[in-house]
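Working notes for the structure below.
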Amino acid sequence: MDRQDVKVVLVSAREAVRSTFFRRGGRLGRAIYRVFGTSHNREMNAVFAGAAEFYRADRNRGQRFALRRHVHMLEKGLCMRPRRETFAVDYIETTVGDLGKCMAGSELSDIELKWCFDVLSAYFDATSTSPNGRIKRARDEFLGLARPDVPIQTSAPYRVGTLPDVVSIEALEALAISRTSVRSYHSKPVDRGVIDRALMVALESPSACNRVPWTMRIMDDPENARLVAGVAMGTAGYSEQVSNVAVLVGNLGAYSNERDRHLIYIDGSLAAMSFILALQAQGVSSCCVNWPDIATREQKMASLLGMEPHERVVMLILFGYADEQGLTPYSGKLPVGAIRTFGLPRGRA
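The opening position of the sequence shown corresponds to residue 652 in our numbering, with each subsequent residue numbered one higher.
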């Protein structure tokens, strides 16, 4: 029996034990798993580090993520029908305070500053007749801040239907179908302007309370791209052909509460799909690379990218100009009926 045969036997034995444990473990199995299972430790450590970073920023330089969340909550309040005379009392003073601290620490881009000021201006106009003391104090503090001179269009809520519908469902379907997993690329470099335009599209993706808790670490130097791609599982057969890699990194420092720990994956995945389709629309092919939670690979990637303890890799995206001589998997999809249901299960209404 050679080494490969031994490996197959050991893997099969391990899976047999795991299968029995999870199928028949019951309450005792769950208790044992909670005590001895260490698979979730890295996530717990990152969540703890994220909360620590959140409160550290809140105390020292202003909490940019909390500010973005609260300004977006104000927008939602402004969009309510009917709109209330008094709302956001619980957090309006904190919001204005965070804006002042973030401005003092130069934490915000011009786009963010314009958005914050426009939304807060609309809010204080909408609540001008409110007798609430907190709103009055926040208004006075806001009026004392230096309004930025940013030549950008108004960034407050606007009427639905103002922007034209420019893409047909047929065009969107064609784009989605044309995007396949490509693992063979030409060495032709992808211009950074093309990458940035795809990232601009990604930034238009939905984000929970508009916090945008992710960054894209772009490797467009072939040597670095291959080094980073080689850290992931399953890339051994083609990583040497890779010239560009985007590592999607989630920032748990955007949250103070454990309940929000999955949002980096939700928001990150929404952005990733937009980024991938935007690349495809510009003639750039791509391949998504899964990122399982494996300690040695997590540590190696964190070291390569200089990641903070509160940051976690969500996925990798390889991209470049496809080698037309290569093949792409057909990847048969499911029928709609296999993934779609309407209404509650019978007897649940």
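Glycine included, each C-beta is placed from N, C-alpha and C at the ideal position.
Please read these numbers as outputs of a predicted model, since none were measured by experiment.
- From the listed residues D761, S894 and V879, the smallest Cα separation to K951 is found for V879.
- C938 is bridged by DSSP to L969.
- With 16 or more other Cβ atoms inside 10 Å of its own Cβ, E704 counts as buried.
- When DSSP states are grouped into helix, strand and coil, V964 belongs to the strand group.
- Proximity to A932 across P986, I846 and V686 peaks at I846, based on C-alpha coordinates.
- With respect to the 8 Å criterion, M924 and W942 are not classified as neighbours on the basis of their beta carbons.
- Taking the Cα positions, P808 is about 16 Å away from R735.
- With a contact defined as Cβ atoms closer than 8 Å, V882 and R963 miss out at about 14 Å.
- Following the DSSP letters along the chain, one finds G784 inside the alpha helix (DSSP H) bounded by residues G784 to L794.
- The residues V740, I743 and E744, in chain order, have a CB closer than 8 Å to that of R785 in the same chain once the five nearest residues on each side in sequence are set aside.
- L718 places its beta carbon 8 Å or farther from that of D769.
- Per DSSP, the continuous beta strand (DSSP E) segment holding N902 begins and ends at V896 to N902.
- Per the coordinates, the alpha-carbon of M731 lies some 30 Å from the alpha-carbon of G904.
- The residue from L759, F793, I820 and V898 with its alpha-carbon nearest to that of V801 is L759.
- Relative to G983, the option among D791, T831, L661 and D871 whose CA is nearest is T831.
- In the assembly as shown, H913 is an exposed residue. Its beta-carbon has fewer than 16 other beta-carbons within 10 Å.
- For M867, the enclosing beta strand (DSSP E) covers residues W865 to M870.
- At a Cβ-Cβ threshold of 8 Å, N861 and H723 count as neighbours.
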